[in-house]
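When we follow my numbering, the leftmost residue of the sequence shown carries the number 2, and every step to the right adds one. We put the beta carbon where it would ideally sit given N, CA and C, even for glycine. Report on the structure given below.
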Amino acid sequence: MKMSASAHKTFYLETFGCQMNVHDSEKVIGTLIHEGYEQVETVEQADLILYNTCSIRDKAEQKVFHRLADYKKLLAQGKKFGVLGCVAQQEGEKIFERAPHVSLVCGSASYRNLPQMLTQLNAPEIPRPAGENAGLRDDAPSKHATLVRITGLDDRETDECFETEFTARSNPHRGYITIIEGCDKFCAYCVVPFTRGKERSRTSESVLAEARQMADLGYTEIQLLGQNVNSYKDPTGAFSGKKKTFAELLAAVGEVHGIRRVRFTTSHPRDFGRDIVEAIDAVPALCDHVHLPVQSGSDRVLDAMQRLYTREQYLERIGWMKSAKREISITSDVIVGFPGETEQDFAETLGLLDEVGYDGVFTFKYSPRPNTPSLALDDAVPDQEKSRRLEVLMARQKEIQIARYKKYIGTNIEVMVEGRNEARAQWIGRTSQNKTLNFTAPETTTPTIGSYVQVKATASFPNSLLGEMVV
Ligand code: SAM
Ligand code: SF4
């Protein structure tokens with residue numbers, strides 16, 4: 002075990018946002034532990050307090066500043082604060098102005114440099130010059146602050162991914178593998194290309210090596226991650242004979258000995274090829290679930306969003322999935338209230354929900370974000386109207402899900418056992434289609450967490466199924 006200058010330090014890390022952030026945090030935790038840090042459960046126990054942040058919507062961004070404000074008094078106890086992730090990249094050094102007790106600001110493309118940054122952070126402190134403290138109250142956080150301000154913000158043009166052998170996965174049965182980082186799509190509303198940098202794929206060899214290593218450790222489920230996994234382009238040399246398309250990589254991960262389930266998220270409709278459905282048909286370990294965000298059912302809005310596909314092209318992809326050998330569960334993301342979205346545009350989105358028959362939809366009110374092209378668009382939809390559309394959309398989708406979930410009653414479905422709900426005396430299971438199927442088991446049987454069992458569905462709800470274990 003490596004012992005560095007930062008040995009015996011403790012850290013607390015809170016994560017906001019998407020699965021990419023959750024997995025980045027697992028890598029950051031692994032890196033810090035390797036650097037001699039110990040992870041602790043509370044802010045009070047920690048020497049270093051880190052927030053891995055999300056800036057996809059304004060609400061998400063505000064959360065981190067509230068957290069920083071809540072704990073700034075702890076600076077007086079010598080604790081250090083760091084902001085990681087998308088808000089760090091987006092706001093950069095402005096964070097030091099808004100929250101002067103922060104010492105480290107680091108975007109996700111710079112995590113490779115964390116060990117060096119930690120060394121800098123732990124270098125002997127330089128007291129703030131007296132002049133800088135003039136006029137500050139004794140309890141002002143910046144009075145106790147030092148000049149140690151470390152930034153990792155310049156690496157968005159890197160070709161390298163954040164690969165680490167030290168990932169600290171929190172679940173011993175299913176785990177994430179990043180296959181592609183960044184995004185080159187530049188949808189009009191989205192900050193991701195500005196915060197996560199340009200698209201870069203890992204080699205298929207390194208992805209497969211990680212998958213095999215996880216299988217050896219006992220993992221049976223793998224989720225391949227990326228902003229757009231299906232834009233994956235294997236950077237392996239063209240003549241190595243090992244260069245894989247996304248569908249080939251998916252199939253290869255599904256064939257790793259010991260892996261029973263492979264999921265992937267998110268897919269972008271423009272790069273969604275029929276070969277992905279063919280891979281699902283051919284390899285039983287590939288889960289029968291695809292998350293394919295549509296954002297809007299109106300061509301006019303899709304065009305303004307710069308989504309690079311039409312409603313018809315999107316529905317063509319849905320058609321491929323509907324003709325698959327196994328029933329593929331389809332889920333999506335929808336934004337309501339994009340600038341200029343009319344009642345007619347919105348009606349087209351509602352119609353699309355009926356036409357596709359999604360098993361789940363993440364719904365968002367459009368939130369104007371810094372740097373994005375849609376900031377310049379006129380015709381904002383009033384917030385009250387956005388809220389109304391959101392409610393209408395959610396109510397319509399709920400009806401669709403009630404009908405869709407009902408049809409599983411009476412069928413036997415395999416679940417991975419994920420946990421136990423003591424209050425309800427139920428086990429928590431997840432199907433290959435990514436549905437929650439809670440179940441009871443005979444008193445004589447105790448299903449093992451992480452095992453796979455057959456469950457007969459006996460009742461349905463809009464977001465889950467209930468059943469009895471088949472013994
Ligand atoms: N790359 C994925 C794609 O293109 O579908 C999704 C990435 S994004 C992290 C997840 C979702 O957040 C998007 O699908 C979109 O619905 C939503 N989103 C992104 N920017 C938004 C904004 N400015 N306002 C509201 N929702 C937004
Ligand atoms: Fe954002 Fe569009 Fe890239 Fe998805 S594809 S991350 S929505 S810019």
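Item checked: Any non-hydrogen atom of the ligand SF4 closer than 7 Å to V362 Cβ -> no
Check: DSSP on G298, reduced to helix/strand/coil?
Finding: coil
Notebook entry, point to check: By Cβ distance, which residues of its chain are closer than 6 Å to E15, with the 5 residues on each side in sequence left out?
Noted result: Y52
Note to self: Let me confirm a value: V472 is counted as buried when at least 16 other C-beta atoms fall within 10 Å, else exposed. Which label applies?
What the structure shows: exposed
Checklist line | Cβ neighbour criterion (16 or more within 10 Å) applied to L226 | finding: buried
Checklist line | S452 in three-state terms, based on DSSP | finding: coil
Item checked: Rounded straight-line distance, which links the Cα of K28 to that of G198 -> 18 Å
Notebook entry, point to check: How is N439 classed by DSSP in three states: helix, strand or coil?
Noted result: strand
Next item on the list: Could you pull out every residue in the same chain whose Cβ sits closer than 7 Å to the Cβ of A189, ignoring the five residues on either side in sequence?
Entry: A305, M306, Q307, T373, P374 and S375
Note to self: Give me, in chain order, the residues of the same chain whose beta-carbon lies closer than 6 Å to that of V83; leave out the 5 immediate sequence neighbours on both sides.
What the structure shows: A quick correction: the sequence has Gly, not Val, at residue 83. Closer than 6 Å at Cβ, skipping near neighbours: L51 and L105.
Notebook entry, point to check: Which one of Q46, V263 and G259 has the shortest CA to CA distance from L251?
Noted result: V263
Checklist line | Contacting residues, own chain, Cβ-Cβ under 8 Å from E206 (five flanking each side not counted) | finding: T237 and K243
Checklist line | F187 Cβ short of 7 Å to the ligand SF4 heavy atom set | finding: yes
Next item on the list: Report the rounded CA-to-CA distance for E419 versus A253, giving the unit in angstroms.
Entry: 25 Å
Next item on the list: Counting only the same chain and skipping the five closest in sequence on each side, list residues whose C-beta sits under 7 Å from that of A377.
Entry: none
Checklist line | DSSP state of T311 mapped onto helix, strand, coil | finding: coil
Note to self: On the criterion of 16 or more Cβ atoms from any shown chain inside 10 Å, does R1 qualify as buried, or is it exposed?
What the structure shows: Residue 1 lies beyond the stretch modelled for the chain, which goes from 2 to 472, so this question has no answer here.
Checklist line | Cutoff 7 Å; reference A141; Cβ partners in own chain excluding five residues on either side | finding: Note that A141 scores a pLDDT of 46, beneath 50, so its modelled location is shaky; the value from the coordinates is reported in the next line. Contacts found: none.
Next item on the list: Assign T179 to one of three DSSP states: helix, strand, or coil.
Entry: strand
Notebook entry, point to check: Can you tell me where the alpha helix (DSSP H) with H24 in it begins and where it stops?
Noted result: Q20 to H35
Item checked: Per-residue DSSP class, three states only, for R58 -> coil
Margin query: On the criterion of 16 or more Cβ atoms from any shown chain inside 10 Å, does F462 qualify as buried, or is it exposed?
Written below: exposed
Checklist line | Three-state secondary structure assigned by DSSP to S205 | finding: helix
Checklist line | C55 vs C107 beta-carbon contact at 8 Å | finding: no
Next item on the list: Please name the residue or residues paired with Q224 in a DSSP beta bridge.
Entry: Y177 and R264
Item checked: For K186 and H269, believed in contact at Cβ under 8 Å, the rounded distance -> 7 Å
Next item on the list: Taking 8 Å as the cut-off, decide whether the C-beta atoms of N422 and N435 are in contact.
Entry: no
Item checked: Beta-carbon proximity of Y233 to I178, cut-off 8 Å -> no
Check: Straight-line CA distance for L353 to Q224?
Finding: 28 Å
Notebook entry, point to check: Where does F82 fall in DSSP's three states?
Noted result: strand
Check: Any chance the segment 148-158 sits against the segment 109-124, with 3 or more Cβ pairs inside 8 Å?
Finding: yes
Margin query: Just list the residues that DSSP pairs K457 with in beta bridges.
Written below: N413 and E469
Item checked: Cβ neighbour criterion (16 or more within 10 Å) applied to A390 -> The sequence given here places Arg at residue 390; Ala does not occur at that position. So R390 counts as buried.
Check: Closest by CA to G93, which one among D156, K73 and F339?
Finding: D156
Notebook entry, point to check: Comparing alpha-carbon positions, which option in R405, V337 and D346 lies nearest S388?
Noted result: V337
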